[in-house]
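>
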DNA sequence: TTTCGTTACGTTAGTCGTAAAGATT
DNA sequence: AATCTTTACGACTAACGTAACGAAA
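Protein chains in written order, with this note's numbering: chain A, 1 to 299; chain B, 1001 to 1299.
(1) By the three-class DSSP mapping on this structure, what secondary structure does residue 181 of chain A have?
(2) Is there a C-beta anywhere in chain A that falls below 8 Å from the one on residue 1272 of chain B?
(3) Please list the segments of the beta strand (DSSP E) lying wholly inside the stretch 182-237 of chain A, counting only runs of 3 or more residues, in order along the chain.
(4) Around the Cβ of residue 56 of chain A, are there at least 16 other Cβ atoms within 10 angstroms (buried) or fewer (exposed)?
(5) Closer than 7 Å by beta-carbon distance: list the chain B residues that pair up with residue 212 of chain A, in chain order.
(6) For residue 24 of chain A, which residues from the same chain have a beta carbon less than 8 Å from its beta carbon, with the 5 sequence-adjacent residues on both sides left out?
(7) Taking a contact to mean a Cβ-Cβ separation below 8 Å, would you say residue 1099 of chain B touches residue 1226 of chain B in this structure?
(8) Of the residues A:260, A:7, A:53 and A:29, which one's Cα is nearest the Cα of residue 179 of chain A?
(9) Report the residue ranges of all alpha helix (DSSP H) runs contained in full by the stretch 1015-1103 of chain B; include only those spanning at least 4 residues, in chain order.
(10) Nearest CA to the CA of residue 1217 of chain B: which residue from B:1192, B:1274 and B:1064?
(11) Using C-beta distances below 8 Å, list every residue in its chain close to residue 91 of chain A, excluding the 5 sequence neighbours before and after it, in chain order.
(12) Leaving out five residues on either side along the sequence, give the residues of the same chain with a beta carbon under 7 Å from the beta carbon of residue 1029 of chain B.
(13) At least one CB of chain A closer than 8 Å to the CB of residue 1168 of chain B: is that the case?
(14) Closer than 8 Å, Cβ to Cβ, to anything on chain A: give me those residues from the stretch 1075-1103 of chain B, in chain order.
(15) Out of B:1129, B:1154 and B:1277, point me to the one whose CA is closest to residue 1196 of chain B's CA.
(16) With DSSP as the reference, label residue 1249 of chain B as helix, strand or coil.
(17) In terms of alpha-carbon separation, which member of A:229, A:63, A:79 and A:9 lies closest to residue 38 of chain A?
(18) Relative to the C-alpha of residue 151 of chain A, which residue among B:1003, B:1153 and B:1289 is closest?
(19) Of all Cβ atoms in chain A, is any one closer than 8 Å to the Cβ of residue 1145 of chain B?
(20) Would a check of beta-carbon distances place residue 1004 of chain B closer than 8 Å to chain A?
(21) Specify the secondary structure class of residue 1161 of chain B as computed by DSSP and reduced to three states.
(22) Can you list, in chain order, the residues of its chain with a C-beta nearer than 6 Å to that of residue 251 of chain A? Leave out the 5 residues immediately preceding and following it.
(23) Measuring only between beta-carbons, confirm whether residue 68 of chain A sits less than 8 Å from chain B.
(24) Residue 1064 of chain B touches chain A at which residues, Cβ-Cβ below 9 Å?
(25) Classify residue 291 of chain A as helix, strand or coil using the three-state DSSP reduction.
(26) Indicate the three-state DSSP secondary structure (helix, strand or coil) for residue 1244 of chain B in the structure shown.
(27) One question on the structure: do residue 1042 of chain B and residue 71 of chain A come within less than 8 Å of each other, judged by their Cβ atoms?
(28) May I ask you to list, following chain order, the residues of the stretch 276-296 of chain A that have a beta carbon less than 9 Å from some beta carbon of chain B?
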């Protein structure tokens, strides 16, 4: 069985019509019939149940289609990528990152750039007010986000960072005098939340509505950038859970970061639209996998 | 480019020798040379740098190899699976599960069995004393385990269950009189740990050495089965963190389960040896993905 | 001179198109 | 009768082997 046959099989599985399949592939209808007949002979079972009026997949055919399609697509991607590399085209991959993450992900990004100097990696900033929009609009091909992500059209790839959340408070906030702070303390001050709509389950990570023991947490000012978060925290209007990278790179006089002893771990992963997965994306994912998530020991 | 060419390319990339490649594929040496020449012409770049003494991959060739191999393997698996399905062979997949999990994973397993009545799913029990051994020995092809798993030869697949850990204590244990218990309380009683060697990072999930605030936790009796865990807990020798499924299915008179308000979430995922991944395994993983992890609301 | 990759050339399997036949509604 | 799929058959492409050639140590 050769790729050409697989292409014919997959196209027919989509069209469910020998004539249209032949047209799409610019071959004669007879060829489609012959190719399918050959494959069925080799497999040893009918792949399509067909009359002169209807064509449909048999169970074995349906299973084969599901198993073949991913591999076939990968092979196409691979050869296409090699061809464009050969033509000296600098292939470009646009990766969406949150604010200061580029610094924190240096290990992973360096590994990727070293391994693949021929691929130009563009970094674009994405914001928590619209974590998935740029991916879906095609503005970036891959992005990072914190987990969990439950979007049926997006694939969640390898982790790139994993670190307990920290609590951002005003420098003169009452909590700064405490020996320890815990997630229970969140019940006493409002948390900011996203000014534009984002999935509620996703918002829960940084802006939970209840403490671990079930006490409600108020939602305070609506914000749309990290600067605004810092601003409302600095004035004491709110406290905010943030990821470790923020704590490391945004150090302001009016702001302090505390480590709740029971802070949940914030996990960042690569995500991309399942439908537009390419060899380029898989290459990036492989580098992320090999670099492993950046973890920071709890102090 | 057809599958035959890809096979020749991948074999040569492995052997780095035209003669041996020809032997392995039972073709003439000339054919190997012709096939590679054709592929290089189509891609537009040399894939191998070769003299009459040395053969090695060019950067483009190395990239192509990495990108092609997975897809090629998938296609082979797919056709093999279809052939054996056609021969009416009931293909069998052996899945390793911990004790009572089969009940808890009913949704996922039912989905798989309904979708694929032609695949016989064998369940074998695996134990926490040797979580990865059966996979590596081939006794099971896929297994569940709790995360994290950091084994370079194993692939971590989709989550199958996700639920906060619970604390197993003797029915007359002092902790049972408390209004709430937390992870900090673990510092006061020893936890059992595995009698046989398992990776320390993995043991940390159920048998952490420190509380969230950093106080040390003693390790008490070494145990090798869940029954033994229950036994040492019932006598008051130890308390034990366990996953939700245990709490649901092992209900003994001398045992009670408590919910630490800040218990970490226990995550179970499918894992399998990367090297022996098959279409069958991917089919199971797809079902797990679609069923989603079983989650239990915190009460 | 031996070892290996490449090139030349002839054979043949099998891909593909044309055209006609067979099935289904 | 109209609309599809299958079969028959011939043309031609390209896969492959044999054998000779060329480069490297």
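Where is the CB? At the ideal position from N, CA and C, for every residue including glycine.
Checking against the coordinates, here is how it stands:
(1) Within the first chain, numbered from 1, the residue matching residue 181 of chain A stands at position 181. Residue state, collapsed to three classes: coil.
(2) Looking up residue 1272 of chain B in the second chain gives position 272. False, the Cβ-Cβ gap to chain A never drops below 8 Å.
(3) 191-194 and 219-223
(4) As a first step, residue 56 of chain A is located in the first chain; it is residue number 56 there, counting from the start. It counts as exposed.
(5) The residue labelled residue 212 of chain A in the question sits at position 212 within the first chain. Near residue 212 of chain A (Cβ distances below 7 Å), the residues of chain B are 1261 and 1262.
(6) Numbered from its first residue, the first chain carries residue 24 of chain A at position 24. Here the set comprises 11 and 15.
(7) Here residue 1099 of chain B refers to the residue found at position 99 of the second chain. Here residue 1226 of chain B refers to the residue found at position 226 of the second chain. In contact: residue 1099 of chain B and residue 1226 of chain B (Cβ atoms closer than 8 Å).
(8) On the first chain, residue 179 of chain A is found 179 positions in, with the first residue counted as 1. It is A:260 whose Cα lies nearest to the Cα of residue 179 of chain A.
(9) 1018-1025, 1029-1043 and 1059-1086
(10) Counting from one through the second chain, the residue named residue 1217 of chain B turns up at place 217. Closest option to residue 1217 of chain B, Cα to Cα, is B:1192.
(11) In the first chain, residue 91 of chain A corresponds to position 91, counting from 1. Around residue 91 of chain A: 81, 84, 85, 118, 119, 120 and 280.
(12) As a first step, residue 1029 of chain B is located in the second chain; it is residue number 29 there, counting from the start. Same-chain partners within the cutoff: 1018, 1019 and 1022.
(13) Looking up residue 1168 of chain B in the second chain gives position 168. Chain A, which has no Cβ nearer than 8 Å to the Cβ of residue 1168 of chain B, makes this no.
(14) 1075, 1077, 1078, 1079, 1081, 1082, 1083, 1085, 1086 and 1087
(15) Counted from its first residue, the second chain places residue 1196 of chain B at position 196. Nearest of B:1129, B:1154 and B:1277 to residue 1196 of chain B, Cα basis: B:1129.
(16) Here residue 1249 of chain B is taken as the residue at index 249 of the second chain, counted from 1. Helix, per DSSP.
(17) Counting from 1 along the first chain, the entry for residue 38 of chain A is found at position 38. For residue 38 of chain A, the closest C-alpha among the options A:229, A:63, A:79 and A:9 is that of A:9.
(18) By one-based count along the first chain, residue 151 of chain A stands at place 151. For residue 151 of chain A, the nearest C-alpha among the options comes from B:1289.
(19) Position 145 of the second chain, counted from the start, is the residue given in the question as residue 1145 of chain B. Chain A, which has no Cβ nearer than 8 Å to the Cβ of residue 1145 of chain B, makes this no.
(20) In the second chain, residue 1004 of chain B corresponds to position 4, counting from 1. So yes, residue 1004 of chain B belongs to the interface.
(21) Taking the second chain and counting its residues from 1, one reaches residue 1161 of chain B at position 161. Residue state, collapsed to three classes: strand.
(22) Your numbering for residue 251 of chain A matches position 251 in the first chain. The answer is none, since no qualifying residue turns up.
(23) As a working note, residue 68 of chain A is residue 68 in the first chain. Judged by the 8 Å Cβ criterion, residue 68 of chain A is in contact with chain B.
(24) Taking the second chain and counting its residues from 1, the one referred to as residue 1064 of chain B is at position 64. What residue 1064 of chain B touches in chain A: 78, 79, 81, 82 and 85.
(25) The sequence position of residue 291 of chain A within the first chain is 291, counting from 1. Residue 291 of chain A: helix per DSSP, three-state reduction.
(26) Residue 1244 of chain B sits at position 244 when you count from the first residue of the second chain. In the structure shown, residue 1244 of chain B sits in a helix (DSSP, three-state: H, G or I).
(27) Counting from 1 along the second chain, the entry for residue 1042 of chain B is found at position 42. Counting from 1 along the first chain, the entry for residue 71 of chain A is found at position 71. No, Cβ-Cβ distance for residue 1042 of chain B and residue 71 of chain A is not below 8 Å.
(28) 279, 282, 283, 286 and 292
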